[in-house]
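To start, the structure under review is shown below, and the notes come after it.
In the UniProt record's numbering, the protein residues as written are 1 to 221.
If you want it as structure tokens, here you go:
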């Protein structure tokens, strides 16, 4: 395993531990406000679901962390938040990819030059060149790189759209399910076993990162 891959795995594992610790603490400490928020969300009707979906999609096209939406979806909507987050995240990833690729092909700009010069872009671009769409899936499994930056870097790489989209959906699913279930657990209304499920899904993400780190590089995109 390369030193850079080892660092990614360590950071991902530590991130999972921190998230689980925060959620367990939230379950043990009194938090009546969260249940109140869930009740309010239930009473608003379908318009709030549509508004949340639209906001999640539009905001995460830009370099803004999607974690706040994923946790909020669990708190506000429970397990149905998994579907909302997957739809919104997939839509955001699609819009970002197509927009950046179109801009890069037709109107190269200083903005995209800044993306290419970003220190976090270089290792992502190297993975994409080495493994193509497989790198997209591995980077999505555990958020070792910002969601938006993976979108932009993929658009600036030779990776084709449909493999990118499939890898995005497959890679986002375990982490999205895990974090939404953890958000749901914060309300105190879900089964403690869901925390175990969330931890298992996060472990799958770390395992996927380990497998990717040990795989030989492939130029296939």
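Glycine included, each C-beta is placed from N, C-alpha and C at the ideal position.
Going by alpha carbons, who is nearest to residue i out of the options?
i	options	result
residue 118	44, 98, 152 and 92	152
residue 88	168, 203, 38 and 197	168
residue 164	178, 68, 90 and 177	90
residue 179	41, 71 and 54	71
residue 42	58, 56, 76 and 123	76
residue 50	78, 84 and 38	84
residue 149	114, 166 and 176	114
residue 35	196, 74, 112 and 124	74
Would you mind sorting residue i into buried or exposed? The rule is 16 or more other CB atoms within 10 Å of its CB.
i	result
residue 109	exposed
residue 52	buried
residue 136	buried
residue 62	exposed
residue 106	exposed
residue 160	exposed
residue 133	buried
Could you check the C-alpha separation between residue i and residue j for me, to the nearest Å?
i	j	result
residue 44	residue 66	23 Å
residue 92	residue 48	19 Å
residue 81	residue 162	25 Å
residue 68	residue 158	31 Å
residue 120	residue 59	21 Å
residue 177	residue 122	29 Å
residue 78	residue 197	15 Å
Fill in: contact_flag[the region 88-101, the region 177-187] where n(CB pairs < 8 Å) is 3 or more
With fewer than three CB-CB distances shorter than 8 Å, the region 88-101 does not count as touching the region 177-187.
Worksheet item: Contact between the region 122-131 and the region 154-169: three or more CB pairs below 8 Å?
Response: Touching, yes.
Worksheet item: For the 8 Å Cβ check, are there 3 or more pairs between the region 139-148 and the region 169-179?
Response: Touching, yes.
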